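The opening position of the sequence shown corresponds to residue 14 in our numbering, with each subsequent residue numbered one higher. Cβ coordinates follow ideal geometry from the N, Cα and C atoms, glycine included. Everything numeric in this text was worked out from a predicted model, so none of it was measured. Below is one structure, written out as structure tokens; the observations come after it.
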Amino acid sequence: MIFRVDNIEQINPDNPKRKERKQMDMLHGPMLKNILIFALPLALCGILQQLFTSADMAVIYWFKGSVAQSAVNSNGALVNLLINLFSGMSVGVTVVIAEYVGKKRTDDLHSVVLTSLVIAAISGVVLLGLGIGVSAPLLKLMDTPTETLPLATEYLRIYFIGMPFLMIYNFGAAVLRGVGDTKKALFILLVTGVLNIGLNVLFVAACDMSVDGVALATVLCNVASAVLVMVFIMKDGLFKIRRTSRVRKEYVKRIIVIGLPAGLQGVVFSIANVLIQSAVNTFGSSAVAGNGDAVNFEYYVYFFVNGFASSTVTFFGQNYAAGEYERCKKVFKINMLASLIISTVLGAVFTLGAKGFIRIYTDDKVAIEFGVMRMLCVLTGSMLPCLYEISGGALRGMGHSMLPAVFTIIGSCILRIVWIYTVYAAYKFYWLLMIIYPISWVVTGLALLISYYIICYKAGFYVRKKTYEVVDAQPELASTVDSEGKNEQSE
Numbered sequence: 014m015i016f017r018v019d020n021i022e023q024i025n026p027d028n029p030k031r032k033e034r035k036q037m038d039m040l041h042g043p044m045l046k047n048i049l050i051f052a053l054p055l056a057l058c059g060i061l062q063q064l065f066t067s068a069d070m071a072v073i074y075w076f077k078g079s080v081a082q083s084a085v086n087s088n089g090a091l092v093n094l095l096i097n098l099f100s101g102m103s104v105g106v107t108v109v110i111a112e113y114v115g116k117k118r119t120d121d122l123h124s125v126v127l128t129s130l131v132i133a134a135i136s137g138v139v140l141l142g143l144g145i146g147v148s149a150p151l152l153k154l155m156d157t158p159t160e161t162l163p164l165a166t167e168y169l170r171i172y173f174i175g176m177p178f179l180m181i182y183n184f185g186a187a188v189l190r191g192v193g194d195t196k197k198a199l200f201i202l203l204v205t206g207v208l209n210i211g212l213n214v215l216f217v218a219a220c221d222m223s224v225d226g227v228a229l230a231t232v233l234c235n236v237a238s239a240v241l242v243m244v245f246i247m248k249d250g251l252f253k254i255r256r257t258s259r260v261r262k263e264y265v266k267r268i269i270v271i272g273l274p275a276g277l278q279g280v281v282f283s284i285a286n287v288l289i290q291s292a293v294n295t296f297g298s299s300a301v302a303g304n305g306d307a308v309n310f311e312y313y314v315y316f317f318v319n320g321f322a323s324s325t326v327t328f329f330g331q332n333y334a335a336g337e338y339e340r341c342k343k344v345f346k347i348n349m350l351a352s353l354i355i356s357t358v359l360g361a362v363f364t365l366g367a368k369g370f371i372r373i374y375t376d377d378k379v380a381i382e383f384g385v386m387r388m389l390c391v392l393t394g395s396m397l398p399c400l401y402e403i404s405g406g407a408l409r410g411m412g413h414s415m416l417p418a419v420f421t422i423i424g425s426c427i428l429r430i431v432w433i434y435t436v437y438a439a440y441k442f443y444w445l446l447m448i449i450y451p452i453s454w455v456v457t458g459l460a461l462l463i464s465y466y467i468i469c470y471k472a473g474f475y476v477r478k479k480t481y482e483v484v485d486a487q488p489e490l491a492s493t494v495d496s497e498g499k500n501e502q503s504e
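Below, the structure is given as structure tokens:
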């Protein structure tokens, strides 16, 4: 995709008629209110996406049966493996824009936006080629059940046609998040989500299509999402591409330096999940269907955690760039507590009502059994991802992107792979395969939480102010402490 900038009207920032945009002030004012305004719409975006995916699975099961549903469910881990590298790089866009806003350097943000969109378009084309080319061999490598393999391959190949548009939406939404705007993304998902459900019913129920109908509906919705996010960006005076907009090497480098570790973290994370999915596939198509149904509820919980993690990245990034360390500590505390409370409550609700929730998607007794077992093993630890997501978000806001990636690779990938080939290999029980999720969350969470406090302490976040009593008899021993905690001896 080629972005032409020479014919786009240039905006005069000094024009008094130009409307001032309403930008969230993350550097002043009430912290909790602004964090909730930022995080909750973002969480609802993810939940809406998952609700519409859930609608896909429900429609495909009730109209086409468990084999077709299994074909869709078996693709989740593989799709994430292929797209996470590029989707993760959108984190770099959010951080770069947050840094520029925090330092009040907004004059060239339009070039950052153009650079981001070009990266998005290139990423989408690469993913399109990868998805079509490697989907079939990878599904075979994952031991996808024979009866679902043809449908699963067909679904993936159609699904990846929409990758360039999905990447443009992801990077465009990341641009808006950099200035605290998550409501527009929520609006886009509301519109495209309703469209998705309508198209699913049209293609599957009315036109008698199968997984190809579900995949085609997703592609069309990705196109609509990309168009809408571009409309919002081009209407914003801060971001609108101008004649002077350029793809700049320094922006490409900064986005990649921050975003690539997050992308690699997602890829490595997905590798472990692909191996787990391969193990699940050996239990048969009903197990695959039930396992995929249960994952929906994990996502509902996780999207709240992810919303507060993204809030941490943006709020922490702006305040850190502005030198507001006390506010940084409050950002961390509020996001951690809020995500812990919400994830614990939701996890308990889904666990207690596990069987009833799974019945929304299937009436297959075997599928229900596997779905309930996964929910009991995984959702009881639903609050644990808060430890590494919020800590990792704070570290990325400070520019430390590699550290969260390394610890996530160790805790959420290497540990899971070792578990699969040792403990699970010796005792091939489904519940034993699932229990590695909360175990790996504890290990990764503690590692990143400790790293966060160590780095913040070294940066001076937690240096306490001390007072010393001035002794008249020995004035040469009197000392004071400046605002940064440094002793100044007075003679």
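- Relative to the Cα of P177, the nearest Cα in the group T205, V207, G144 belongs to G144.
- DSSP assignment within the region 201 to 261 yields the following whole alpha helix (DSSP H) runs of 4 residues or more, N-terminal first: 224 to 248.
- Per DSSP, the continuous alpha helix (DSSP H) segment holding M349 begins and ends at 338 to 365.
- In the structure shown, the three-state DSSP call for L392 is helix.
- In the structure shown, the three-state DSSP call for R190 is helix.
- Spanning the alpha carbons of G366 and V126 requires a straight line of approximately 44 angstroms.
- In the structure shown, the three-state DSSP call for S414 is coil.
- Between the region 419 to 429 and the region 274 to 292, the count of C-beta pairs closer than 8 angstroms reaches three or more; the two stretches touch.
- A472: member of the alpha helix (DSSP H) spanning 449 to 472, first to last residue.
- The C-beta of M247 has fewer than 16 other C-beta atoms within 10 Å across all chains shown, which makes the residue exposed.
- Secondary structure note for M44: its alpha helix (DSSP H) is the uninterrupted segment 44 to 77.
- Around the beta carbon of D221, fewer than 16 other beta carbons sit within 10 angstroms, so the residue counts as exposed.
- Excluding its 5 nearest sequence neighbours in each direction, S453 has C-beta neighbours in its own chain below 7 angstroms: G424, S425, L428, R429, listed in chain order.
- A contact between stretches requires three or more CB pairs, one per stretch, nearer than 8 angstroms, and the region 127 to 134 fails this requirement with the region 343 to 359.
- Under the DSSP assignment, E311 falls in the alpha helix (DSSP H) whose first and last residues are 298 to 334.
- Distance between L91 and G405, taken at the CA atoms: about 24 angstroms.
- The C-beta distance from V326 to R267 rounds to 15 angstroms, too long to fall under 8 angstroms, and the pair is not in contact.
- Per DSSP, T166 is one residue of the alpha helix (DSSP H) stretching across 162 to 172.
- A direct Cα-to-Cα measurement between V358 and A218 gives close to 36 angstroms.
- Distance from the CA of A165 to the CA of I73, rounded to the nearest whole angstrom, comes to 13 angstroms.
- F442 sits in coil when the DSSP states are folded into three classes, being neither helix nor strand.
- R387 counts as buried, since no fewer than 16 other beta carbons sit within 10 angstroms of its beta carbon.
- Short of 6 angstroms from the beta carbon of A307, and not among the five residues preceding or following it, lie these beta carbons of its own chain, in chain order: G384, R387, M388.
- Distances from the CA of T195 to each of Y315, T157, L55, Y182 were compared; the closest alpha carbon is that of L55.
- When rounded, the separation of the alpha-carbon atoms in T435 and I449 is 12 angstroms.
- The alpha carbon of P451 has as its nearest neighbour, out of K153, Y401, S395, the alpha carbon of S395.
- Three or more Cβ pairs closer than 8 angstroms define a contact, and the region 233 to 248 meets that threshold against the region 176 to 191.
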